[in-house]
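To start, the structure itself, in structure tokens.
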Amino acid sequence: MIKGGFRIIHSWEHPKLSNCGFSELFIYGEMPGGFIIGIAGARDPTPWGVGATRNIVGMLVSDGYIIASGVGRGIDWIAVITALKLGGRVVGVPPYYNYRTEYLIKHGGVVITPEIEPRENVNRLLAYRDFIFACISD
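In this text, residue positions in the sequence shown follow the working numbering: the first is 14, and each later residue adds one.
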């Protein structure tokens, strides 16, 4: 176990991670099986964007889909909160451990991240996060 219950996951341990090109990532929880829909969007969404995100995530969760998010502010985070409130399953892919990561873990989400503590350029970690997010989304 790594800090706070995280463990190292090797890319070959899960089919959706096998094409990511990372030999190791950090994970909290277990990668769920099922169809994963990635939700990402504006950091400063309009009221219409907020409502549309809630409606779409609500429909996806009610149909049993897993929601993936980069866990950023705005649409990403609205998708996470909405899915969790509706009892949905969420996989968060933050660039590194932060307060949103803690919230997601406390509310039953799975977290996959390239770093626990940022040791690299944050922009590079954001790019890694985006790539992992794309790999796990169906």
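Don't be surprised by glycine CBs; every beta carbon is placed ideally from N, CA and C.
This structure is a prediction, so every number in the text was calculated from the model and none was measured.
Give me the DSSP bridge partner(s) of residue i.
| i | result |
| --- | --- |
| V124 | Y41 and G105 |
| G51 | A81 |
Are the beta-carbon atoms belonging to residue i and residue j less than 9 Å from one another?
| i | j | result |
| --- | --- | --- |
| C33 | I145 | yes |
| V48 | P127 | The residue asked about is misnamed: residue 48 is Phe in this sequence, not Val. No, the Cβ-Cβ distance between F48 and P127 is not below 9 Å. |
| R113 | V70 | no |
| S36 | H27 | no |
| G77 | Y41 | no |
| A96 | L73 | yes |
| A65 | S150 | no |
| G100 | P58 | no |
| V135 | Y109 | yes |
Where do the ends of the alpha helix (DSSP H) carrying residue i lie?
| i | result |
| --- | --- |
| I22 | Counting along the chain, I22 falls outside any alpha helix (DSSP H), though it belongs to the beta strand (DSSP E) covering R20 to H23. |
| R67 | P60 to S75 |
| I145 | V135 to I149 |
| Y112 | Y112 to K119 |
| K98 | I88 to K98 |
I think residue i touches residue j, with their Cβ atoms under 8 Å apart; what is that distance to the nearest whole Å?
| i | j | result |
| --- | --- | --- |
| V124 | I91 | That pair is no contact at about 18 Å. |
| G122 | G105 | 5 Å |
| I79 | R102 | 5 Å |
| P164 | R142 | No answer is possible for residue 164: it lies beyond the span of the chain, which begins at 14 and ends at 151. |
| D89 | I50 | Not confirmed; about 13 Å, so no contact. |
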